Structure formats: structure tokens, C-alpha cells
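Novice:
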Amino acid sequence: LKVPNDDAVLGQELQQNGNAGSLRLERAGGGFTARLTVSGTKVSQPTESCKVTLGDGQPLALADQGKPNGVTQLASSGPACPLRFEILEGSVMVTPLGEGDACIFTASDCATTPKGLWGPGAATLLPRAQEFDAARGAADKAVRENYKVMTQRARREDVRPIVTEQAAFSSDREQFCRAYIREGSHGFCHLRFSEARALSLATRLGLSGASASAAPRPAARIRRPAPAVEGMNPGFEAGAQDP
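Numbering (the working numbering), first residue to last: 1131 to 1373.
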């Protein structure tokens, strides 16, 4: 697995779950900015929809927090709705940093839940369904292998939390991705979630992004010296054994 290319999402129009709101990341100087519109429902009338553009239409300055989980992590600090942005391949994982997942904009009478994968719409993704399915197999394998190595390396008292985390992986992914438009037909969100987890685990294991799988190396084969033969130079005989 490769670390996502940040530039691949810059300037792209991304939507929450592929069909709501709008997110556009840009570079500004040495950092990043975001233009973000979130969709929600009116607080006073929950059956009616609403939209809020963060920053009053101006680009939001994002703090670059490095790659603590193996991918570029950015953060906005607006008081109404602080958010974390993790850049994945062709998409962005958004997580609210306040209490709970909801952001309430009182002045706009709007309640929103920005959490989720912001990416392309279904029309772009459906033709690539087979590609995503094959890539997900590799990502899932990397996740399993990395959890296995983490368990092997952990102290006895630390094993249970790792096993619990691994057991919850599939259900966490299903819950996170179930709202993505036509997800069952293309699997884009499931793939990106698996890749993100594999890279996060690789980072915890101290691996580089290019080596996101920590499969144990096979044991080295021990070459036994050839038995000495009387009248023959042992060094010559040993050299003759080399391929």
C-alpha cells in the first residue's frame, strides 16, 4: 500500500458520502485551506433540510498535524465545528473534534453531522468496482497481518485491547460506510477505510507507508558446511557448495 498522494484531491469537488455538501481542499502558501459546505436539518423543523458554508464563504485555514496515522492530517479550529481532515486516495475522511458527531449552527438554525468519507459521486465510482474489490483484498490482508504482528509483539496485558480492536474493525467499517451513495455496488468507502487502517497500523508498528504490511519474514535457511574430505582443501570444498 502506498501513502495517498495529497495533490490528487486538491481542487477536487468532494461530497459527504458522495452526495451531500461540498468540500474543496487547496494549497495556500506552505499549508492547506478548505472550502466547506455541510448539509443538515433545521433544528426548529427537523423535516426540512439546510446548508451551512463554514467560514462565511472564505477558505478555512487548516493546521497541518503531520502524519500521525500514516496519512496527512489537517484540522480546522472554528468554534462552531472544529474538524479533522485525513487525506486518503481520492477522498478525505472527516471527523468532528467537538463533543459528539453533530455540529449545531444556532444562527443558521441548522444541525449537521459532517463525519464520514467525502469523495466522488457514484457515477465516477461504479465503472471501477472490480478495481476497488481487488485492491480491498490486498488492504484487508495488510490489516490482518499487521494486527497479527502487533499481537505477537505486545505484552500479555496489551493483547486483549488489540484483539478487541481487530474484532470491531469490520463493524466499524460497515457503520462508517453504510451511508455512502451506492456503496454496495462499488465498495469505494470500504476500500479507503481498509487502506487507512492498514497505514495506521503500519505507523504504529514503525513501518513506512511503502511497507504497510508487517508479514513475518521467513526464517533464513542455515547453510551447513560440507564435511571435510581427507586430502582435499576444506575451503575449496566449501566454495564448491556455493551456487
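C-beta: ideal position from N, C-alpha, C; glycine also. None of the values given here were measured: they were computed from a predicted structure.
(1) Would the segment 1214-1229 and the segment 1238-1250 be scored as touching if the rule is three or more Cβ pairs under 8 angstroms?
(2) When we look at the beta-carbon of Q1260 and count the other beta-carbons within 10 Å, is it buried (16 or more) or exposed?
(3) Tell me which residues share the same chain as V1289 and place their Cβ nearer than 6 angstroms to its Cβ, disregarding the 5 neighbours each side in the sequence.
(4) Leaving out five residues on either side along the sequence, give the residues of the same chain with a beta carbon under 8 angstroms from the beta carbon of S1179.
(5) State the beta-bridge partners of S1169 as determined by DSSP.
(6) In or out: G1148 buried (at least 16 other Cβ within 10 Å) or exposed?
(7) Tell me whether E1229 sits in a helix, a strand or coil according to DSSP, three-state version.
(8) In the DSSP assignment, find the beta strand (DSSP E) that holds Q1146 and state where it starts and stops.
(9) Is the CB-CB distance between E1219 and A1269 below 7 angstroms?
(10) Pick helix, strand or coil for S1206, following the three-state DSSP scheme.
(11) Using a Cβ-Cβ cut-off of 7 angstroms, state whether A1205 counts as contacting chain C.
(12) Return the chain-ordered ranges of every alpha helix (DSSP H) run that is complete within the segment 1264-1331 and spans a minimum of 4 residues.
(13) Please report the straight-line C-alpha distance between V1222 and S1206, rounded to a whole angstrom.
(14) In terms of DSSP beta bridges, what is G1249 paired with?
(15) For L1190, collect the residues of the same chain with a Cβ closer than 8 angstroms to its Cβ; drop the 5 residues on either side in sequence, then sort them by chain order.
(16) How long is the line joining the alpha carbons of D1194 and R1285, rounded to whole angstroms?
(17) Looking at the strands, I want to know which residues DSSP matches up with C1240.
(18) What would DSSP say about G1220, mapped onto helix, strand or coil?
(19) Is the number of C-beta pairs between the segment 1296-1303 and the segment 1312-1327 that are closer than 8 angstroms three or more?
(20) Could you work out which residue in G1314, S1330, Y1310 and G1336 is closest to I1217 when comparing CA atoms only?
(21) Apart from the five residues on each side of it in sequence, which residues of its chain come closer than 7 angstroms, Cβ to Cβ, to A1150?
(22) Give every residue of the same chain whose Cβ lies closer than 6 angstroms to the Cβ of Q1203, excluding the five residues on either side of it in the sequence, and list them in chain order.
Specialist: Looking at the coordinates:
(1) yes
(2) exposed
(3) T1281
(4) S1169, G1170, T1171 and K1172
(5) K1181
(6) buried
(7) coil
(8) L1144 to Q1146
(9) no
(10) strand
(11) Included in the structure is just one protein chain, with no chain C present.
(12) 1286-1307 and 1313-1316
(13) 14 angstroms
(14) Q1145
(15) T1163, A1164, R1165, L1166, L1184, S1206 and G1208
(16) 33 angstroms
(17) K1172 and F1235
(18) coil
(19) yes
(20) S1330
(21) S1169
(22) Q1195 and E1216
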